[in-house]
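Residue numbers (the UniProt record's numbering): 1 to 108. Glycine residues also receive a C-beta, built at the ideal position from the N, C-alpha and C atoms. Read through the structure below, which is laid out as structure tokens, and then see the notes.
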Amino acid sequence: VISGQYLTQNVSSTTSVYIEVELLGIPIDCMSRKTKPSVKNSLNPIWQETFVFQLFFVELAFVRFHIYDAGSNHLMSQRVMPLKCLRPGYRHVRLRDITNVPLELATL
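Take a look at the structure:
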């Protein structure tokens with residue numbers, strides 16, 4: 001997880017946010033990791049954190065990104081997608097609200 005862009009619609013927000021990356025699939029593949037909270041920056045936070053997951057069945061795995069307000073643990077946005085849809089290299093993942101509606105400009 002390198003960074004996020006426009007994680008909040010409030011440009012003057014000083015909310016600290018963190019990301020939970022969760023793998024979903026068969027029970028042996030299910031696990032999650034969290035980034036450290038950003039320091040009062042929810043507009044364009046930078047984490048530069050690397051997570052390594054060991055998978056047995058990539059074809060059945062999904063990755064879920066949850067973006068939380070670090071102060072209240074309130075879910076701000078999310079995205080779930082098949083892991084095989086993520087290609088190697090730098091990628092922007094477009095985020096959605098909790099009702100799965102795409103958020104304007106919000107990406108990881």
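Between the Cα of residue i and those of the options, spot the shortest distance and give me the residue it belongs to.
i, options, result
"residue 22", "38, 67 and 45", "67"
"residue 69", "19, 33 and 46", "19"
"residue 83", "27, 97, 57 and 105", "57"
"residue 15", "35, 42 and 5", "42"
"residue 85", "63, 106, 97 and 74", "63"
Is residue i buried or exposed, if buried means 16 or more other CB atoms sit within 10 Å of its CB?
i, result
"residue 101", "exposed"
"residue 77", "buried"
"residue 79", "buried"
"residue 99", "exposed"
"residue 65", "buried"
Between which two residues does the beta strand (DSSP E) harbouring residue i extend?
i, result
"residue 106", "102-107"
"residue 36", "Residue 36 -> no beta strand (DSSP E), and no H or E assigned at all."
For residue i, which beta-bridge partners are listed by DSSP?
i, result
"residue 76", "Looking at the DSSP assignment, residue 76 forms no beta bridge with any residue, so it has no partner."
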